[in-house]
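Heads up: the structure comes next, in structure tokens.
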Amino acid sequence: MTDSVTDRVTNSVTKSVPDSVSDSAAEDDAVLTRTEGRAGRLTLNRPRALNALTHPMATRIAEALTAWERDPAVRTVVIDGAGERGLCAGGDIRMIHRDVTSGGGAASRAFWRDEYTLNARIARYPKPYVALMDGIVMGGGVGISAHGSVRIVTERSRVAMPETTIGFVPDVGGTHLLSRAPGELGTHLALTGAAVGAADALRCGLADHVVPSGLLPALTRDLAAEPVADVLPRYAVEAPAGTLDGQREWIDHCYAADTVEEIVDRLMATGEPAAKETAQTLLTKSPTALKATLAAVRRARALGSLERVMEQEYRVSCAALSRPDFVEGIRAQVIDKDRRPRWAPATLAEVTDAEVARFFAPPADGDLRLTEALTEDLTAAE
Numbered sequence: 001m002t003d004s005v006t007d008r009v010t011n012s013v014t015k016s017v018p019d020s021v022s023d024s025a026a027e028d029d030a031v032l033t034r035t036e037g038r039a040g041r042l043t044l045n046r047p048r049a050l051n052a053l054t055h056p057m058a059t060r061i062a063e064a065l066t067a068w069e070r071d072p073a074v075r076t077v078v079i080d081g082a083g084e085r086g087l088c089a090g091g092d093i094r095m096i097h098r099d100v101t102s103g104g105g106a107a108s109r110a111f112w113r114d115e116y117t118l119n120a121r122i123a124r125y126p127k128p129y130v131a132l133m134d135g136i137v138m139g140g141g142v143g144i145s146a147h148g149s150v151r152i153v154t155e156r157s158r159v160a161m162p163e164t165t166i167g168f169v170p171d172v173g174g175t176h177l178l179s180r181a182p183g184e185l186g187t188h189l190a191l192t193g194a195a196v197g198a199a200d201a202l203r204c205g206l207a208d209h210v211v212p213s214g215l216l217p218a219l220t221r222d223l224a225a226e227p228v229a230d231v232l233p234r235y236a237v238e239a240p241a242g243t244l245d246g247q248r249e250w251i252d253h254c255y256a257a258d259t260v261e262e263i264v265d266r267l268m269a270t271g272e273p274a275a276k277e278t279a280q281t282l283l284t285k286s287p288t289a290l291k292a293t294l295a296a297v298r299r300a301r302a303l304g305s306l307e308r309v310m311e312q313e314y315r316v317s318c319a320a321l322s323r324p325d326f327v328e329g330i331r332a333q334v335i336d337k338d339r340r341p342r343w344a345p346a347t348l349a350e351v352t353d354a355e356v357a358r359f360f361a362p363p364a365d366g367d368l369r370l371t372e373a374l375t376e377d378l379t380a381a382e
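Residue numbers (my numbering): 1 to 382.
Okay, structure coming up:
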């Protein structure tokens with residue numbers, strides 16, 4: 001998908017978010033949980049807000065997973081989104097904006113602790129976790145789907161981590177996933193926030209199977225009666241052609257640079273129109289977020305486990321709360337909707353290495369200790 005198309009998708013998402021942070025569905029109904037045969041079903045149910053994820057929703061998902069893990073009658077978990085637009089457009093950034101501007105960000109940090117813990121749990125869930133990634137799947141939507149054991153995309157899928165557009169850095173395990181993509185594809189997606197379709201989602205390791213959107217109801221029905229391994233072959237189809245493979249040469253060359261400035265210079269110097277368009281796109285993003293994102297993806301490659309990467313992401317996210325660009329990016333995209341963020345600093349040259357390093361310092365309220373918790377769980381299971 002080209003960056004201009006990505007911008008249209010992102011703008012469509014932000015325009016669809018209602019002025020009120022609440023949805024027509026009561027908070028208790030924001031996640032529908034039920035069992036159908038052998039399947040535990042999770043449906044995000046805030047369609048007017050493109051199923052934007054809130055703290056109570058993350059808690060409800062976690063509670064359902066706990067109950068179903070202990071229930072021998074539940075053999076598979078299936079998650080999808082209500083409405084026609086998509087699974088989930090990400091975390092409810094309106095709530096975050098209100099929290100930061102009026103409450104100092106404490107509620108956002110509490111949300112992230114539980115959300116990131118949920119993301120890591122999904123990755124290690126002992127039963128098949130089938131994510132129907134139909135339509136728009138962005139940010140927090142990636143976190144509750146792309147860590148699952150069975151990730152299904154469709155011809156309608158638009159998968160992205162668009163955080164740099166709002167002055168933020170990819171989280172919910174996004175830097176872990178993108179750091180493992182072939183070559184420099186993950187760096188490209190992390191910095192630009194570009195949305196990808198089914199084929200490129202598979203190529204980048206964000207999904208496993210393609211199923212036509214119109215067949216998802218039948219697939220879900222069969223998963224209530226049969227094992228995943230028996231059902232999937234009846235519905236999965238060959239992925240259509242993507243676009244990233246044809247761009248690998250310039251993507252790998254340009255994004256192998258050590259700094260964002262050099263990446264932009266290399267993109268501008270190529271003879272590829274798409275590369276030059278990408279350079280122009282990068283220059284519209286938060287300079288601080290771009291540099292922090294590049295550092296986060298590069299560090300994620302060396303950290304290894306998802307838990308360690310998400311501990312790093314928690315540090316970065318908490319640091320972003322105290323920087324002006326995050327609030328300003330949300331304002332420009334979903335509050336005033338003028339699409340004219342005033343980044344501070346305004347240029348890449350003004351963002352120092354020391355400023356980037358501060359994103360990786362321990363937060364005042366302490367680190368997220370997922371690795372320690374995992375070790376304790378594994379020890380208890382022995």
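Glycine included, C-beta positions come from ideal geometry on N, C-alpha and C.
What number of angstroms, rounded off, separates the C-alpha of Ala241 from the C-alpha of Ala199? 6 Å
With three or more C-beta pairs closer than 8 Å as the rule, is the stretch 359-373 touching the stretch 109-119? yes
Buried or exposed (CB count within 10 angstroms, at least 16 for buried), Gly197: buried
So Glu36 is in the beta strand (DSSP E); what residue range does that whole segment cover? 31-36
With the cut-off set at 9 Å, would you say Ser179 and Cys88 are in Cβ contact? no
Thinking Asp208 and Arg121 are a contact (beta carbons under 8 Å), I'd like their distance in whole angstroms, please. Contact doesn't hold; Cβ gap of about 19 Å is too wide.
Quick one: residues in its chain with C-beta nearer than 6 Å to the C-beta of Ala295, no 5 flanking neighbours on either side, listed in chain order? Val356
What residues in its chain sit with their C-beta under 8 Å from that of Arg396, if we drop five residues either side in the sequence? For the chain, the structure presents residues 1 to 382; residue 396 sits outside this window and is missing.
Nearest by alpha-carbon distance to Pro345: which of Thr284, Arg113, Val31 is it? Thr284
Could you have a look at Gly81 and say whether DSSP puts it in helix, strand or coil? strand
The stretch 359-371 touching the stretch 302-315, judged by at least three CB pairs closer than 8 Å: yes
Hey, quick one: how far does the beta strand (DSSP E) through Ala131 stretch, first residue to last? 129-133
Under DSSP, the alpha helix (DSSP H) around Val159 begins and ends at which residues? Per DSSP, Val159 belongs to no alpha helix (DSSP H); it is in the beta strand (DSSP E), 158-160.
Leaving out the 5 sequence neighbours to the left and right, which residues in its chain are closer than 6 Å to Val260 when beta-carbon positions are compared? Leu290, Lys291, Leu294, Leu348
Below 8 Å on the Cβ atoms is my guess for Pro433 versus Val228; work out the distance and round it to an integer in Å. Summary: the structure shown does not reach residue 433, with the chain confined to residues 1 through 382, and so no result is reported for it.
For a minimum of 4 consecutive residues, which ranges assigned as the alpha helix (DSSP H) are wholly contained in the stretch 217-290? 228-235, 248-255, 260-269, 273-282
Cβ shell of Ala30 (< 6 Å), same chain only, five flanking positions each side left out: Asn45, Arg46, Met57
CA-to-CA distance, Val210 to Asp265, given in whole angstroms: 36 Å
Report buried or exposed for Ser317, applying the criterion of at least 16 other Cβ atoms within 10 angstroms of its Cβ. buried
Using the rule of at least 16 other Cβ atoms within 10 Å of the residue's Cβ for burial, across every protein chain shown, is Gly181 buried or exposed? It is Ala, not Gly, that sits at residue 181 in the sequence shown. Ala181 comes out buried.
Beta-carbon separation of Gln333 and Ile79 under 9 Å? no
Extent of the continuous alpha helix (DSSP H) run through Ala120: 106-123
Exposed unless 16 or more other CB atoms sit within 10 angstroms - verdict on Gly214: exposed
For Ala198, the first and last residue of its enclosing alpha helix (DSSP H): 198-203
Could you give the distance in angstroms between the alpha-carbon of Ala106 and the alpha-carbon of Arg60? 20 Å
I need the straight-line Cα distance from Arg34 to Ala110, nearest angstrom please. 27 Å
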